[in-house]
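Numbering-wise, the sequence shown is residues 105 to 226 according to this note's numbering.
Notes follow the structure.
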Amino acid sequence: MNPTSRDLTELDAHLCAYNMAFAELGLRFRWDVRTLASLAGIEDERERIVAYIQMHQPHLLTAYSANFLSRAILEKKNELRPEPPCVRHAVALETNRPSVVQVRAREPHPATDFPLPMLAGA
Numbered sequence: 105m106n107p108t109s110r111d112l113t114e115l116d117a118h119l120c121a122y123n124m125a126f127a128e129l130g131l132r133f134r135w136d137v138r139t140l141a142s143l144a145g146i147e148d149e150r151e152r153i154v155a156y157i158q159m160h161q162p163h164l165l166t167a168y169s170a171n172f173l174s175r176a177i178l179e180k181k182n183e184l185r186p187e188p189p190c191v192r193h194a195v196a197l198e199t200n201r202p203s204v205v206q207v208r209a210r211e212p213h214p215a216t217d218f219p220l221p222m223l224a225g226a
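Written out as C-alpha cells, the structure reads:
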C-alpha cells in the first residue's frame with residue numbers, strides 16, 4: 105500500500121499535533137514517521153504513548169505515572185487532531201524507504217585524480 109499525498113498530509117498533521125503536545129507539556133522529545141511506524145503494532149493510541157515513554161523516556165516515570173503522562177499528552181494532542189492517526193501509512197513509508205546502501209549506491213562517487221597502483225600478479 106502506498107500512501108497518497110492526502111494520507112501523508114494527515115500523517116504530518118498528527119505528528120505535528122503530537123510534537124506540539126510534547127512541547128506544550130515541556131517534554132523534550134519529538135516524533136517522526138519512523139517513531140510512529142515503530143509503534144504501529146500497538147492499536148490503542150494511549151498505550152502507544154505509554155510504550156514510547158517506557159522505552160525511550162523511562163526517567164519521566166520516576167516523577168509521573170505512565171497513565172498521567174499519556175492522558176496529558178493525548179488531551180493536548182486531541183485538541184488539534186482528535187482522531188487517532190493511521191499508522192499503516194507510517195509503516196508504508198518506512199517500508200518503502202530505500203536502505204542506506206541503496207541511497208549511497210545512487211550517490212556520485214568522487215573522481216580520483218591519482219592513479220591507483222597495479223595489483224601484484226594482475
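Ideal Cβ placement from N, Cα and C applies to all residues, glycine included.
Report back the beta-carbon spacing between I177 and I153 to the nearest angstrom; my notes put them in contact at under 8 Å.
Within the sequence shown, numbered from 1, the residue matching residue 177 stands at position 73. Within the sequence shown, numbered from 1, the residue matching residue 153 stands at position 49. Their Cβ separation, rounded to whole angstroms, is 5 Å, which keeps I177 and I153 in contact under 8 Å.
Going straight from the alpha carbon of L129 to that of L165, what length do you get?
Numbered from 1 along the sequence shown, position 25 holds the residue referred to as residue 129. Numbered from 1 along the sequence shown, position 61 holds the residue referred to as residue 165. Cα to Cα, L129 sits roughly 15 Å from L165.
Count the C-beta pairs between the segment 116-123 and the segment 165-174 that are closer than 8 Å, then say yes if the count reaches three, no if not.
Counting Cβ pairs under 8 Å, fewer than three are found: no touch.
From E179 to A155, what distance separates their C-alpha atoms?
In the sequence shown, residue 179 corresponds to position 75, counting from 1. In the sequence shown, residue 155 corresponds to position 51, counting from 1. Roughly 17 Å between the two C-alpha positions.
Taking the CB atoms as reference points, tell me whether A48 and L131 lie closer together than 8 Å.
Summary: the structure shown does not reach residue 48, with the chain confined to residues 105 through 226, and so no result is reported for it.
For my contact list, N200 and N106 are in at a C-beta cut-off of 8 Å; report their separation, rounded to the angstrom.
Residue numbering aside, residue 200 sits at position 96 when the sequence shown is read from its first letter. Residue numbering aside, residue 106 sits at position 2 when the sequence shown is read from its first letter. With a Cβ gap of about 7 Å, N200 and N106 count as contacting.
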